Every structure is written in C-alpha cells, then in structure tokens.
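Since the structure comes first, as structure tokens, the remarks are kept for the end.
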Amino acid sequence: MALDKTGGTPPAAPAPDDDGFRWGGTHVVVLIVVCLALLLELIDISVVNLALPTIKTDLGFSQDDLQWVVNAYTVLFGGFLLLGGRTGDLVGAWRVFQIGLVVFMGASLASGLAQDGGTLVATRAVQGIAAAFVSPMTLAIIASVFPEGKHRNKAVGIWGATAGISTALGVILGGVIVNEWGWRWIFYINLPLGLVMLALTVRYFNADRPERGNRNFDVVGAVTATAGLSLLAYAVVQTDSHSWGSARTLGLLAGSAVLLGWFGVHESRFATEPLFPFSLLRNRTVSGANLVQTLFGGAMFSMLFLISLYQQQVLHFSALKAGLGELPFTAVLVLFAPLGPVLLPKIGLRPIILIGSVVSAGSLVLFAEQASPTAGLGSAIIVPGIVLGVGMSLLFIPLTIAAVEGVPPEQHGIASGVLNMTRTVGGAIGLAVISTVVASRTSHRLLAGRPTPVALTDGFRLGFTISAVLMALCAVAAVVVFRGSAATASATIPGPTSGAGAAGESAAVAEA
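The following block contains the structure:
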C-alpha cells in the first residue's frame, strides 16, 4: 500500500456508503486535477475547430490538408487509448498521468510555436498520443481514491458533468481566445493550466507503485491494437475526401480488420500478459455499457456537429453566438448530472439507461421537427437542447459506472481506456457516416432546384433523425443486454482491494 507524504499509512477505505468517510481537502484536489485534465483534452478538440480558418491563412494550408490539424489528434488519440490504459495498470496511474501531462504540455507549446503546416500536424499528433495516456487515468484515479458507494458516485458524477460541458465551453472559449489573442493562444493556454495540475500532483501525491510480479509488457498486442485502431480511425476521418466505397477506404478498413483480428487471436491464445484481458467482455455489464457507449458516442458526436453547423450555415449565427445558444443545454446537463448517481441505487442501471435513451431520442426528433431556414433560437435550439440535456445527464455517469463494475483494481486503467475508445471510435464512425448522408441529401436537394438554406436544412433534419435512431437503439440495448446481467440497483465502481498491487491501488492520498 502506498504511503503518504508523512510516511504514515493511510487509513483503510471505509465500507461502501460508510458515513465514516469524509471528503477532505486532498479529495477535492484529486477531483479538481482529474476533471481539469479531462476538460483540457476534450476542449482542445472543439477549440481548434474554431481556429481553422485563421490557421489556414497563417500557415498556408490547403483545404484538403487543413482537416489534419484536427484529425492528427483524433486518429492518434483513438489509436493509443488501449495502450495508455494498460500502461497505467502496469506502471501506476499517477505516474502515467504526470508523464502524459508533461508531454501534452510540451506538444501544446510546440503547436503554438509552429511556423508551418507539417510541424503543426506533427505536434497535434503528439498531443493526441499524450491525451490517450492521460484520459483513461482520470477515471482510474477516481476509482482508486474514493471508496465505492455514494462518495465515488458523486465524484464520478462531477467528472461526467465535466465531460458533458467540454464541447460547448470549448466553442465559447475558442471564440474569445481566437478573436482577442489569436489562434496560437488556444495551445499556449494549456501551459499554465498544465503547470498548476502538475504542481498539485507533485505536492499532494506520491507516484503509485504497483506490486512487483509478472509485469510483462505485451509488445505484439500493443503494436497490433494501436496500429489497427489508428488505421480504423484514419479510414473513418478521411471519408470526407474518399467515399466509403472507394478502393482507398475499403483497403484501409480491410487492413484495420486484419490487424485487429490478429490482435484478438494473439490476446486470447498466445499472450501471457494480455494488453486487453478478454475476461472484461465476459462481464455482461461492462460489455453492455461499452456497446451502449458506442451507439451513444455516434449519436452525441453527430448531434453536436450538426447543431453547430445548422446554427452557422442556416441561421447564420457567429461561432460565438452558436456556442452561447448551446449554453442552456450545457447548464441542464450540469444541473442534472447528479441525478443518475442518485437514482442508480434506487431503480437500477437498466431503467436509467432506458429512460435517458428515450428522452434523448425524443429530443433529437424535436430538433428534426423544429429545424427550418427561418426557425428561432428558442424553438429550434434551446427547447430541444434542454430536453436533450436531461436525457444525456441520465446516461453519462451510469454508463461510466457500469463500464467498470466488477472490474478488479489492477484493470481499472484498461477498463477506462476501453470506455474512452468505444465512445471515440463510435463517435468518429457515427459522425463520418451521418455527415456523409447529410451531405448527400443536401446535394440531391440542390440538384432538384431547392434553395440552399432549404437544402441544408433537409440534410440536417435527416442527420438529426439518424441520431435519434441511434439513441433508440441504445434503449433497445439497455433492455436486451442488461437483462440478467450483474447490473443491479447497487451498481458502483469497485473499490481497491487491500494489498492489491495495481494502478487502481491508493494514489497515496496525503491529508491536506
């Protein structure tokens, strides 16, 4: 068991929901650090989108190459998530978190200083890799510090609300930073925030040290999983310039399938210390949560993308005004975020996922019905957004809790990595497919002689409808997959076991 700064042994974690547990100053610091890290990484994606026009002009990007300022980050982030999660289990969650944070800061500085397009794309790729190591650690650290039960559920609720507000906050901050300071500051701003987080981790936490023993690193699994997932992400994000049926896209998808197929064979038959323990998939709650998360990610990424474009291209809002239009949705999401953890012990996992999916699907149908070239902000954006915020707030935290239910502490990192991976890959694929369909519908309407605002609206309405179907499938999965599974009304994230030497072990919390 890890020691605190005074050399003493921290008291044993109380039993679930034990009133003896009290939030201390250090627990608050832990939550601030991991939430700020998560916010920093997620905001980084949406902030960059707003700066693309300025970056294109300053660095001389072509229109085709400009997408890689975003895609370089996304592809490498999705590809390295499994490796990042497993590394935390083997090396220690806090240690991986700190190293990843330092690399992320260095890459952010290099991105801000970039004088040409190639350098910026390369540094963005390094940012994506670093984020893939930091992101899974945020949830693993929460699971190691807070005892299972209402206290951990509260912490995860705050963590999930942070993820929920990241996109809208990114749009707002991005508009202000780019307009007032210039695009380079969207990267420079990461440095002071990162330094604060790093100082807090050094001040309050010792590096966790997993117990010595069999810690062989699965090189074959790491290479095949990372290459296969990266290739899959690359195949998806380049479909805007190469259609799904093109030889290029089909070849990339086939290569990804071969690599991931061999990864599955290697992990299940040959690996002595697998990168990905397939025993996780035998946990029906964990596998079900990741299935729902994949569908949810596809709907969520697409919905946020479509709402932003609809406001700017059809309603002619500025980027900043579009972000402000999403504030009611964000506020409701944050306000209702604690509702899931509160209801979970009372009614169980399946009803919460079912209700949240149905409400979210209904809100997307409302978006589709209200969208028009002359719609007002209230009827087309704010009202459906409020309903969506309620539905999504019921999904974020319970899915997170379910994704690590029954997972031993030594696998917290990989379970968190899988959760991030399914959301990211599901979101990327869903966005690529839906955006392709939306573009096709818009083109057909334009060829039929419809005015541009009407053609665009028809495309967006179809996109909202497909997103609603994905959320309806989440409801079906909740009914079918969680039936008879371990998902019960007492579902919580498992706490660390005494003496277990793993990344999920106590992060050496020192009393503030």
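Counting from 1, position 306 in the sequence shown corresponds to residue 306 in UniProt numbering; the numbering is continuous, with no gaps. For glycine and all other residues, C-beta sits at the position ideal for the given N, C-alpha and C. In this text, all values refer to a predicted model and were calculated from it rather than measured experimentally.
Here V314 is near P453, since their CB atoms are less than 9 Å apart.
Counting other Cβ atoms within 10 Å of its Cβ, A72 reaches 16 or more and is therefore classed as buried. DSSP places W23 outside any alpha helix (DSSP H), giving it a letter other than H or E. Beta-carbon to beta-carbon, R86 and L275 are separated by about 5 Å, close enough to satisfy the 8 Å threshold. Bounds of any alpha helix (DSSP H) do not take in A271, whose DSSP letter is neither H nor E. Inside the stretch 108-194, DSSP marks whole alpha helix (DSSP H) runs of 4 or more residues at positions 117-145, 150-180 and 185-188, from first to last along the chain. The criterion of a C-beta distance shorter than 9 Å is satisfied by F301 and G430. In the structure shown, P384 falls within a helical segment according to DSSP collapsed to helix, strand and coil.
If you look at V69, you'll find it in the alpha helix (DSSP H) that goes W68 to V91. With contacts defined as CB atoms closer than 9 Å, G84 and G413 qualify as a contacting pair.
Contact between F464 and F367 holds: CB atoms are separated by about 4 Å, below the 8 Å threshold. Proximity to A289 across G376, I355, L419 and G298 peaks at L419, based on C-alpha coordinates.
When only Cα atoms are considered, T272 and P408 end up about 18 Å apart. Assignment of W262 by DSSP, reduced to helix, strand and coil, places it in the helix class. Setting aside the 5 residues that flank it on each side, M392 is surrounded in the same chain by G164, M300, L333, G356 and S360, each with a C-beta closer than 8 Å to its C-beta; the list follows chain order.
Closest by C-alpha distance to A478, out of L377, L349 and C35, is L349. The three-state reading of DSSP puts R441 in helix, counting H, G and I together.
CA-to-CA, the gap between A428 and M303 works out to about 12 Å. For the pair V292 and L36, the CB atoms are not nearer than the 9 Å cut-off.
Out of T285, L364 and A227, the CA that lies nearest to the CA of A402 is found in T285. For S467, the enclosing alpha helix (DSSP H) stretches over residues T452 to V481.
For D116 and L109, the gap between their C-alpha atoms comes out near 14 Å. Listed in chain order, the non-local C-beta contacts of V126 below 6 Å within the same chain comprise A107, local neighbours out to five positions each way being set aside. Judged by beta-carbon spacing, V178 lies within the 9 Å limit of A51, meaning their Cβ atoms are closer than that value. With a cutoff of 9 Å on beta-carbon distance, M137 and G79 are scored as not near each other. P408 carries a coil assignment under DSSP once its states are collapsed to helix, strand and coil. In this chain, the alpha helix (DSSP H) harbouring T294 covers R284 to L309.
When the five nearest sequence neighbours on each side are left out, the beta carbons in the same chain lying within less than 6 Å of the beta carbon of S268 are those of F278, in order along the chain.
Short of 6 Å from the beta carbon of R445, and not among the five residues preceding or following it, lie these beta carbons of its own chain, in chain order: A455 and D458.
Close CB contacts of L281 within its chain, under the 7 Å cut and outside five residues either way in sequence, are with S287 (chain order). If you check the CB distance, A155 and L39 do not come in under 9 Å. Taking all protein chains in view, the Cβ of V476 is surrounded by fewer than 16 other Cβ atoms within 10 Å, so the residue is classified as exposed.
Taking 9 Å as the cut-off, the Cβ atoms of S256 and G228 count as close. Shown here for P398: same chain residues with a beta carbon closer than 7 Å to its own, the five before and five after excluded, namely G340, L344, L349, I352 and I353 in chain order. In terms of Cα proximity to I347, the closest of F61, T57 and L394 is L394. With respect to T249, A233 sits apart: the two C-beta atoms are not nearer than 9 Å.
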